Amino acid sequence: MGRWLASLVCLFACFAPSARGADASVAANLAASFGAHANANAGAQASENASAPSDARASFDAGVAAYRAGDFGRARAHWLAALDAGGDQVDRKALCFALGNAAARSQDLGAAVGWYSAAQRLAPRDADVLANLEFARREAGFEPFDKGDLTATLQRVVDAWTVAEASWIALGAIVLFFAVLLYEALRGGAGWRRLAFLCGAGALLAIVPWVRALERERADALLVIEKSGAALRSEPRDGATTIETLAAGSGVRRLDELPGWVRVAGVDNASGWVRAESVFALSR
Numbered sequence: 018m019g020r021w022l023a024s025l026v027c028l029f030a031c032f033a034p035s036a037r038g039a040d041a042s043v044a045a046n047l048a049a050s051f052g053a054h055a056n057a058n059a060g061a062q063a064s065e066n067a068s069a070p071s072d073a074r075a076s077f078d079a080g081v082a083a084y085r086a087g088d089f090g091r092a093r094a095h096w097l098a099a100l101d102a103g104g105d106q107v108d109r110k111a112l113c114f115a116l117g118n119a120a121a122r123s124q125d126l127g128a129a130v131g132w133y134s135a136a137q138r139l140a141p142r143d144a145d146v147l148a149n150l151e152f153a154r155r156e157a158g159f160e161p162f163d164k165g166d167l168t169a170t171l172q173r174v175v176d177a178w179t180v181a182e183a184s185w186i187a188l189g190a191i192v193l194f195f196a197v198l199l200y201e202a203l204r205g206g207a208g209w210r211r212l213a214f215l216c217g218a219g220a221l222l223a224i225v226p227w228v229r230a231l232e233r234e235r236a237d238a239l240l241v242i243e244k245s246g247a248a249l250r251s252e253p254r255d256g257a258t259t260i261e262t263l264a265a266g267s268g269v270r271r272l273d274e275l276p277g278w279v280r281v282a283g284v285d286n287a288s289g290w291v292r293a294e295s296v297f298a299l300s301r
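Going by our numbering, the sequence shown opens with residue 18, and the numbers climb by one from there.
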């Protein structure tokens with residue numbers, strides 16, 4: 018996966034206006050790495066899904082060609098198709114990152130923030146994803162992802178892990194705590210009691226990143242991408258009473274859907290309806 022994302026970074030560099038497309042050899046390497054990723058997981062698929070990797074590969078290749086031709090809208094359509102068709106056969110983080118680049122080149126900065134945020138959920142510590150996410154939020158007029166204060170720094174440390182990584186950290190801390198506790202019960206001593214206490218406190222702290230990671234992975238997580246904020250209305254119609262305006266770049270939870278409208282719960286759990294185009298689904 019890392020190889021594929023690195024190839025994408027080489028191909029797109031960043032979405033700044035001065036960036037240029039890559040040459041044919043880079044595109045070829047990118048396509049080859051996509052194929053390698055698909056082949057590595059092919060055995061896990063049922064026979065009726067055998068066409069999924071090839072469909073995703075074809076959509077991916079068409080997206081690369083469209084992007085290099087400057088047709089960013091078509092590139093986005095093809096990469097969305099690859100994301101939908103590929104399942105576990107594709108590097109979803111890299112596709113989200115590429116879709117963010119294509120959205121930004123199309124000057125659809127709200128969608129770019131959404132796609133980079135989706136990529137960041139899959140790779141919390143990826144420097145390229147974080148850099149593009151910060152840049153896109155700044156260009157879109159959103160608050161920065163990392164505000165730079167102590168609270169934001171602590172949040173970044175806690176949220177720097179995937180669910181799998183955080184679960185291993187929590188498990189390791191708990192195993193260490195019980196090992197020290199067992200040794201203290203067998204051998205005794207004030208020093209071991211203090212160490213057991215510290216390990217217990219550490220185990221409790223280690224659970225926090227795991228809980229946060231599970232919360233981030235919620236399938237109902239949405240991001241407000243409307244630059245002026247999203248009007249939270251009492252009913253799914255434009256003339257309904259506005260309960261509040263959800264800030265651009267803020268996170269909400271999806272509760273229900275109707276054509277063109279999504280019922281969400283805001284930061285303070287106030288629920289209401291917003292226009293579907295004003296929010297972005299982060300679970301990809």
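Just so it is clear, CB atoms sit at the ideal spot from N, CA and C, and this is done for glycine as well.
What you are looking at is a predicted structure, and each value in this text was computed from that prediction instead of being measured.
Boundaries of the alpha helix (DSSP H) in which residue i is found, first to last residue
i      : result
Thr258 : Counting along the chain, Thr258 falls outside any alpha helix (DSSP H), and DSSP gives it neither H nor E.
Gly219 : Ala207 to Arg233
Phe159 : Phe159 -> no alpha helix (DSSP H), and no H or E assigned at all.
Ala115 : Arg109 to Arg122
Buried versus exposed call for residue i [16 or more other C-beta atoms within 10 Å across all chains shown]
i      : result
Ser42  : For Ser42, the predicted model reports a pLDDT of 36, less than 50, meaning its position is unreliable; a value from the coordinates is still stated below. By the neighbour-count rule (16 or more Cβ atoms within 10 Å), Ser42 is not buried but exposed.
Ser245 : exposed
Leu215 : exposed
Asp166 : exposed
Val174 : exposed
Asp255 : exposed
Leu100 : buried
Reduced DSSP secondary structure (H/G/I, E/B, other) of residue i
i      : result
Asp72  : helix
Ala247 : strand
Cys27  : In this prediction, Cys27 scores a pLDDT of 43, lower than 50, which makes its location untrustworthy; no coordinate-derived value is stated.
Thr170 : helix
Trp290 : strand
Val81  : helix
Val269 : strand
Gly283 : coil
Ala92  : helix
Val189 : A small fix is needed here, since residue 189 is Gly in this sequence, not Val. Helix at Gly189.
Gly87  : coil
Ala98  : helix
Ser134 : helix
Arg204 : helix
Arg301 : coil
Asp145 : helix
Ala129 : helix
Ala196 : helix
Ala177 : coil
Ala183 : helix
Own chain partners of residue i with C-beta closer than 8 Å, once the 5 adjacent residues on each side are dropped
i      : result
Ile260 : Leu249, Arg250, Ser251, Ala287 and Gly289
Asp176 : Pro141, Pro226, Arg229, Ala230 and Arg233
Trp209 : Val197, Tyr200 and Glu201
Leu239 : Gly268, Val269, Arg270, Arg271, Val279, Val281, Val296, Phe297, Ala298 and Leu299
Ala220 : Ala187, Ala190, Ile191, Leu193 and Phe194
Ala264 : Glu160, Val241 and Gly246
Proximal residues to residue i (C-beta, below 6 Å), its chain only, five neighbours per side dropped
i      : result
Ala136 : Lys110, Cys113, Phe114 and Val146
Ser184 : Trp227
Ala169 : Asp163
Asp72  : Ala102
Ala129 : Gly117, Ala120, Ala121 and Ala153
Same chain, Cβ closer than 7 Å to residue i, neighbours up to 5 away in sequence not counted
i      : result
Asp237 : Arg270 and Arg271
Val284 : Ser267
Lys164 : none
Phe162 : Leu150, Glu151 and Arg154
Arg91  : Ala83
Phe89  : Ala119, Arg122 and Ser123
Ala293 : Gly277, Trp278 and Val279
Thr258 : Arg250 and Ser251
Opposing strand residues paired with residue i [DSSP bridges]
i      : result
Leu275 : Trp278
Thr262 : Ala248
Ala238 : Arg270
Boundaries (first-last residue) of the beta strand (DSSP E) holding residue i
i      : result
Phe297 : Val296 to Ala298
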